[in-house]
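Only one structure is covered here, and it is reproduced in the block below.
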Amino acid sequence: MSQVKELLVDQLQDLLHAEAQLAGALPKMAEAANCPKLKGAFEKHLVETQGQIERLKQIFDQLSEPAEPKPCKAMMGLIAEGQETIEEGDDKDTTSADLALIAAAQRVEHYEISAYGTARALARQLGEYECARLLTQSLGEEESTDAQLTTLANPLLQQLTLDDAGASVNLESVNSGDRIISKPSSARKRKASGA
Ligand code: FE
Ligand code: FE
Ligand code: FE
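Heads up: the sequence shown runs through residues 86 to 280, numbered per the numbering used here.
Below, the structure written as structure tokens:
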């Protein structure tokens, strides 16, 4: 096997393990999310992630290599942090908890974006253009997810700032894209900490 192919297979084995772990973690992220749109984003990305696993298997087939995962320690760490974020969310305001979930999820997406970019460059170098095309599809999904998370974070961040200023904001109206400040949110679960 050429050294470039060896590198590519190594990257793909890491990705396969990373994606499989993520497929196990995303339902927990979705369950923990308070904002319905964030929950929906995690659920949508779970379906995409399952497709990405299938795509990776297709790529291994194309390369006539066994689809053997290699433990991705980085994703294990990122998911462990995500789990911590979920647990810490119980003691946080719903908005704050969601923003922390988004932060954890974007770290994951950036790791994947980096990994798919590298794998695609290696596939192109080998002239494996069908593999490169499949990798581009997954890369696009990771980039879209990252961008969507940023879009979802913006109104939450505004709301948190207003909360900090002591304003009462209706979470539902923010979620629907209508930023009119009205009734206090009933979804708040900030503990009576005097904050
Ligand atoms: Fe992925
Ligand atoms: Fe890794
Ligand atoms: Fe992803």
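The beta-carbon is built from N, C-alpha and C at its ideal position, and this holds for glycine as well.
For C157, the secondary structure class from DSSP, reduced to helix, strand or coil, is coil. Apart from sequence neighbours up to five positions away, the residues of its chain that approach A103 with a beta-carbon distance below 6 angstroms are C157, M160, ordered along the chain. Straight through space, the alpha carbons of Q244 and K142 are spaced by roughly 42 angstroms. Chain order is used for the residues whose beta-carbon lies nearer than 5 angstroms to a heavy atom of ligand 2, namely D99, C157, A159.
Taking Q96 as reference, the option from A232, L241, S229, A208 with the minimal CA-CA separation is A208.
When DSSP states are grouped into helix, strand and coil, P240 belongs to the helix group.
Counting only runs of at least 4 residues, the region 172-240 fully encloses the following alpha helix (DSSP H) elements, listed from N- to C-terminal order: 179-210. In the three-state scheme derived from DSSP, where H, G and I count as helix and E and B as strand, P112 is classed as helix.
For A110, the closest alpha carbon among the candidates E128, V94, C120 is that of E128. Where E150 is concerned, there is no enclosing alpha helix (DSSP H), because DSSP gives it neither an H nor an E. Under a 10 Å Cβ-count criterion, N239 is classified as exposed, with fewer than 16 other Cβ atoms of the shown protein chains found around its own Cβ.
Using a Cβ-Cβ distance cut-off of 8 angstroms, the region 115-125 and the region 173-182 are in contact, since at least three pairs of beta carbons, one from each stretch, lie closer than that value.
Taking every protein chain shown into account, the CB of G174 has 16 or more other CB atoms within 10 angstroms, so this residue is buried.
In the three-state reduction of the DSSP assignment, G136 falls in the helix class.
By the C-beta density criterion, A204 is buried, having at least 16 other C-beta atoms within 10 angstroms. Residues of the same chain with a CB within less than 8 angstroms of the CB of Y196, apart from the 5 flanking positions on each side, are A103, A159, M160, L163 in chain order.
Collapsing the DSSP output to three states places G167 in a helix.
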